[in-house]
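Let me begin by presenting the structure, written as structure tokens, before commenting on it.
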Amino acid sequence: MRILLVAMLALLVGAQPAFAQQDLGPDYVQTRFGPMGPAGRDLLQKVALAGLWEGPAGRMGLEKSASPLVQEAGRHLIEGHADLDRRTVELARTLNVQLPTRPNEAQQGWLDEMEAAPARSPEFDRVFANRLRAAHGVVYKFLATVRTGTRNTAIRDYAKVCMDTVLDHMTVLEATGVVDFADTEAIPLALVAQPSSVAPTPAVRAPVTQNSQQPQQDDDIPDGLLGLGVLVLVVAGLWFWTSGRSSRRMHP
2 MRILLVAMLA LLVGAQPAFA QQDLGPDYVQ TRFGPMGPAG RDLLQKVALA
52 GLWEGPAGRM GLEKSASPLV QEAGRHLIEG HADLDRRTVE LARTLNVQLP
102 TRPNEAQQGW LDEMEAAPAR SPEFDRVFAN RLRAAHGVVY KFLATVRTGT
152 RNTAIRDYAK VCMDTVLDHM TVLEATGVVD FADTEAIPLA LVAQPSSVAP
202 TPAVRAPVTQ NSQQPQQDDD IPDGLLGLGV LVLVVAGLWF WTSGRSSRRM
252 HP
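Going by our numbering, the first residue of the sequence shown is number 2, and it counts up by one from there.
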């Protein structure tokens with residue numbers, strides 16, 4: 002009987018939730034910050050790529066624009082990416098992620114456009130503000146997705162810093178007054194808040210009966226917790242029963 006009691010106690014302990022690290026597949030590695038997967042690596046690489054063209058673009062904004070607002074945006078780009086570059090290199094080294102060393106083809110094309118635009122001209126300001134604002138909008142959505150879903154605390158904190166920096170850059174670029182929001186290909190319209198085409202179904206109140214007025218507390222108790230309570234009662238009953246039998250043997 003005591004063996005049965007010990008077995009049931011072991012079952013009771015085993016019923017508690019386990020918090021072991023989840024195996025998320027071969028694309029993930031476990032780190033001291035949590036699992037590191039493709040999204041975290043992609044984040045570090047994309048932020049490094051952004052710095053490779055946005056830093057030089059910021060310097061062109063200072064040197065080629067006559068607009069104080071464009072020059073201010075250029076300063077924010079230079080300072081923001083200097084900080085992000087330092088953080089990116091440090092975290093990539095910690096998490097063993099290889100970073101790119103040159104802009105991709107599209108980014109180099111945007112830099113070439115700025116380089117070809119005449120200095121101190123509205124054309125330069127337009128290319129500068131619109132290319133950078135469109136790119137930052139795409140990056141911001143990507144950062145939000147990674148920040149929402151990552152289980153790695155270091156990537157989560159890093160994504161938050163990146164989002165703050167990108168939002169600052171978007172703000173100063175928009176403040177130049179030359180961003181073309183009518184270009185919905187570069188800056189798509191937000192569709193999340195569009196009204197639903199399906200009318201909401203009105204709630205139907207069920208008729209009140211004597212049975213429905215009774216408390217419904219049992220429905221709110223999870224099945225696992227209810228089973229756990231029953232198991233505790235069984236174990237306690239067995240313990241009292243075996244203790245009583247032991248006492249009767251000792252005191253005839």
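Virtual Cβ for every residue (Gly too), placed ideally from N, Cα, C.
Burial state of Pro-119, where buried means 16 or more other Cβ atoms lie within 10 Å
exposed
From the DSSP output, read off the bridge partner residues of Thr-32.
Gly-35
Given this structure, state the Cα-to-Cα distance separating Glu-186 from Gly-81, to the nearest angstrom.
26 Å
Between Gly-38 and the rest of its own chain, which residues show a CB-CB distance below 6 Å, the 5 nearest in sequence each way excluded?
Asp-28 and Tyr-29
Straight-line CA distance for Ala-136 to Thr-95?
27 Å
Helix, strand or coil: which one does DSSP assign to Ile-156?
helix
Within its chain, find whatever has a CB closer than 6 Å to the CB of Val-98; leave out the 5 residues flanking it on each side and keep chain order.
Arg-42 and Leu-45
Glu-114 to Ala-93 span [Cα, whole Å]
31 Å
Is the separation between the beta-carbon of Glu-73 and that of Val-173 shorter than 8 Å?
yes
Would you call Ser-122 buried or exposed, if buried means 16 or more other Cβ atoms sit within 10 Å of its Cβ?
exposed
Let me confirm a value: Phe-182 is counted as buried when at least 16 other C-beta atoms fall within 10 Å, else exposed. Which label applies?
exposed
Rounded to the nearest angstrom, what separates Pro-69 and Gly-178 at their Cα positions?
12 Å
Looking at the structure shown, is Asn-105 part of a helix, part of a strand, or coil, going by DSSP?
coil
Local conformation of Arg-188 per DSSP, three classes:
With the sequence shown as reference, residue 188 is identified as Ile, and Arg is not the correct amino acid for it. In the structure shown, Ile-188 sits in coil (DSSP, three-state: anything other than H, G, I, E or B).
With a threshold of 16 other CB atoms inside 10 Å of the CB of Pro-104, please say whether the residue is buried or exposed.
buried
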